[in-house]
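Take the sequence shown: its position 74, counted from the start at 1, is 122 in my numbering, and no numbers get skipped.
Scroll down for the structure; my scribbles are underneath it.
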Amino acid sequence: MTGAPFCLYPRWDEEKKEMEMVCALPVPADAKLPAKYSVMQIAGGKAVKAIHLGDYHKLEATHNQIAQYLEYKKLEAIGAPWEVYITDPGAEPDTAKWITEVYYPVKGN
């Protein structure tokens with residue numbers, strides 16, 4: 049592993065209360081993985097980043113704040129947002145200390 053675990057959210061439907069979630073671990077480009085795993089690359093580009101401090105159940109508020117920021121700055125979100133789980137809950141039981149980075153790719157100028 050070359051970094052913190054993360055999840056991408058390619059589909060998020062508030063009305064239907066449905067989402068698609070892809071959980072991943074960063075690995076070196078030349079990593080040899082068992083056949084049951086798949087490898088994907090994430091394209092680079094511009095993104096808005098927020099740092100969430102606290103329990104995962106409260107991440108929705110951070111996503112909502114990013115949506116407000118995008119609207120205020122007249123930025124267009126493109127592609128799937130993702131969350132990077134910096135703090136390992138197994139190593140830090142205090143949820144108030146959990147750090148999650150939240151990214152939204154945006155159309156760049």
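Every residue gets a Cβ at the ideal spot worked out from N, C-alpha and C, and that includes glycine.
In DSSP terms, what Tyr104 is bridged to: For the purposes of this step, residue 104 is identified with residue 56 of the sequence shown, where counting begins at 1. In the DSSP output, where bridge partners are listed per residue, Tyr104 has none listed.
Distance, Cα to Cα, Val96 vs Pro137? In the sequence shown, the residue the question calls residue 96 occupies position 48. In the sequence shown, the residue the question calls residue 137 occupies position 89. Near 25 Å, if we compare the C-alpha coordinates of Pro137 and Val96.
Leu73 lies in the beta strand (DSSP E); which residues open and close that run? Counted from its first residue, the sequence shown places residue 73 at position 25. Element bounds for Leu73: n/a, residue is neither H nor E.
Nearest by alpha-carbon distance to Ile147: which of Val87, Ala98, Gln116 is it? Here residue 147 corresponds to residue number 99 of the sequence shown, with the count starting at 1. Ile147 has its Cα closest to that of Ala98, out of Val87, Ala98, Gln116.
Just checking my contact of Glu68 with Pro76 at CB under 8 Å: how many whole Å lie between their CB atoms? Here residue 68 corresponds to residue number 20 of the sequence shown, with the count starting at 1. Here residue 76 corresponds to residue number 28 of the sequence shown, with the count starting at 1. Not a contact, Cβ separation roughly 26 Å.
8 Å Cβ cutoff met for Trp130 and Tyr104: Position 82 of the sequence shown holds residue 130. Position 56 of the sequence shown holds residue 104. In this structure, Tyr104 does not lie closer than 8 Å to Trp130 by Cβ.
In the DSSP output, which residue or residues are listed as bridge partners for Asp61? In the sequence shown, the residue the question calls residue 61 occupies position 13. Answer by DSSP bridge pairing, in chain order: Glu66.
For Gly93, which residues from the same chain have a beta carbon less than 7 Å from its beta carbon, with the 5 sequence-adjacent residues on both sides left out? Mapped onto the sequence shown, residue 93 falls at position 45. If we look at Gly93 and ignore the five residues flanking it on each side, its Cβ neighbours are Pro153, Gly156.
If you count every other CB in all the chains shown that lies within 10 Å of the CB of Ile126, and 16 or more means buried, which is it? On the sequence shown, residue 126 is found 78 positions in, with the first residue counted as 1. The residue in question, Ile126, is exposed, as its Cβ has fewer than 16 Cβ neighbours within 10 Å.
Start and end residues, beta strand (DSSP E) containing Glu149: Within the sequence shown, residue 149 is the residue found at index 101, counting from 1. That run of the beta strand (DSSP E) goes 147–153.
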